[in-house]
Amino acid sequence: MSVVIIRQDGKIDEWKFALASAAPQITFYSYLEDHPKDDIEIAMVWKHPTGIFKEYPSLKYVASFGAGVDFLLDDPEIPSHVKITRVVDPVLASDMSEFVIAALFSFMKNLTRYRTDQISKVWDPLPYKRIGDLTVGIMGMGALGSRLAADLCQIGFKVVGWSRSRKKLDAVECYTGEKQKSDFLSRSNVLVCLLPLTRETSGIIKTKLFKQLPQGAYVINVARGGHLVDQDLIDMIDHGHISGACLDVYHQEPLPEGHPFWNHPKVFMTPHVASVSDVRAVVPQLLDNYYRFKKGEPLLNEVSTLRGY
Ligand code: NAP
Ligand code: GLV
225 MSVVIIRQDG
235 KIDEWKFALA
245 SAAPQITFYS
255 YLEDHPKDDI
265 EIAMVWKHPT
275 GIFKEYPSLK
285 YVASFGAGVD
295 FLLDDPEIPS
305 HVKITRVVDP
315 VLASDMSEFV
325 IAALFSFMKN
335 LTRYRTDQIS
345 KVWDPLPYKR
355 IGDLTVGIMG
365 MGALGSRLAA
375 DLCQIGFKVV
385 GWSRSRKKLD
395 AVECYTGEKQ
405 KSDFLSRSNV
415 LVCLLPLTRE
425 TSGIIKTKLF
435 KQLPQGAYVI
445 NVARGGHLVD
455 QDLIDMIDHG
465 HISGACLDVY
475 HQEPLPEGHP
485 FWNHPKVFMT
495 PHVASVSDVR
505 AVVPQLLDNY
515 YRFKKGEPLL
525 NEVSTLRGY
């Protein structure tokens, strides 16, 4: 049973080499080389070209190379019987946690502002925030959000979390569902989005939500661009209710040249790098699922197409 690897970011050879080295008995094809498309049952995929799944009539299982599967569930060309899995990995979770903590301290200590000041040779000391001044609210308490919550608590932050189902985590006050959302938001001086992008969560970070955050709240979106209504964020920052944002993900990536985020002094941008699947860490779970699929066993980290994550 051979596998096709589909991704458009120049990393096919790296993944193919690592997979084939760990499992030389399996044939891995790049989608860019000649391969028997009619026979392919398994695809390993990250951000595929639109329409490509039409070329694989025998497809039965698609593994996402990342934690998110929104790009797969959005594709009507994937038949409903096809199983979809995603990456759940402690390295991905610790990378995400480190990134958010870096963004948080950068906000608290005005670091990006001082970099801009340095370029303009401006000397302008500002008041700064301490760990004890802030409560961090995490929307999405799954694999990534719960690891971040644990790390923040260990540093000494007050942490609140919000998810669909009830959670119990040491030292974290957990809120659940629509009913408790505004209580959760009213506590969050810094709001971190780690939700999956689904029908329910699309456009969730908008004016109504911003207004429920405390005055001067800071927003960190490391989930998906589709969670945020961009213009609402800009308006809320410009009106002074939100003090700024760190954004790693966008509606369109790369962000188009004319987008107002590029030049906004209170929006700190990174190019979707908060946590990137590590080849060595992730290959074993991709292979584990390959063998499970071959034996007809339940797959690890299978996504519910109904829930959307
Ligand atoms: P996950 O384990 O599936 O966790 C998702 C969390 O969101 C769960 O706690 C879930 O609640 C909650 N949730 C889902 N829908 C909700 C709703 N309607 N209302 C309230 N809570 C809801 O996902 P993950 O592995 O932590 O990853 C989260 C996302 O991060 C991914 O989907 C991806 O988009 C993004 N990501 C970004 C990067 C990057 O580099 N920027 C890297 C990796 C991942 P329950 O626990 O009750 O199910
Ligand atoms: C990255 O964005 C991922 O979903 O793994």
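The numbering used here puts the sequence shown at residues 225 to 533. Even for Gly, the Cβ is constructed at its ideal location relative to N, Cα and C.
Within the region 433-482, the runs of beta strand (DSSP E) that reach at least 3 residues and sit entirely inside it are, in chain order, 441-445 and 466-471. Apart from sequence neighbours up to five positions away, the residues of its chain that approach C398 with a beta-carbon distance below 8 Å are M365, V384, G385, W386, S387, R390, K391 and K392, ordered along the chain. Taking the Cα positions, F434 is about 21 Å away from A373. The three-state reading of DSSP puts T431 in helix, counting H, G and I together.
One thing to note: A441 has its Cβ no nearer than 8 Å to the Cβ of S406. At least one heavy atom of the ligand NAP is found less than 7 Å from the C-beta of M320. With 16 or more other Cβ atoms from the protein chains shown falling within 10 Å of its own Cβ, V324 counts as buried. Pairing I236 with Q509, the inter-Cα distance amounts to about 17 Å. Bridge partners of Y399 according to DSSP: W386. Between L296 and S304, the C-beta spacing is not below 8 Å.
In this chain, the beta strand (DSSP E) harbouring A287 covers Y285 to S288. With the criterion CB distance below 5 Å from any heavy atom of the ligand GLV, the matching residues run G290, A291 and G292 along the chain.
Only residues of its own chain outside the window of five on either side were considered, and among them I230, Y255 and E301 have a CB closer than 8 Å to the CB of I276, listed in chain order. The Cβ neighbour count for H272, taken over all protein chains shown within 10 Å, is at least 16; the residue is labelled buried. Taking 8 Å as the cut-off, the Cβ atoms of T494 and I308 do not count as close. Proximity to D233 across F492, G290, F252 and G449 peaks at G290, based on C-alpha coordinates. For L415, no alpha helix (DSSP H) segment is defined; the enclosing uninterrupted segment is the beta strand (DSSP E) at V414 to C417.
Note on I379: under 16 other CB atoms within 10 angstroms of its CB, so exposed under the neighbour-count rule.
Residue environment analysis places V497 among the exposed positions, since fewer than 16 neighbouring C-beta atoms fall within 10 angstroms of its C-beta. With a cut-off of 7 Å, the C-beta of L358 is classified as distant from the ligand NAP, since no heavy atom of the ligand falls inside that distance. From the listed residues V293, E265, T274 and D298, the smallest Cα separation to S282 is found for E265. Under DSSP, E265 takes part in no beta bridge, so it has no partner. In this structure V416 is in contact with I444, their Cβ atoms being roughly 5 Å apart against a cut-off of 8 Å. In this model, V227 and L421 are separated by some 27 Å (Cα to Cα). Counting along the chain, R231 sits inside the beta strand (DSSP E) bounded by residues V227 to R231.
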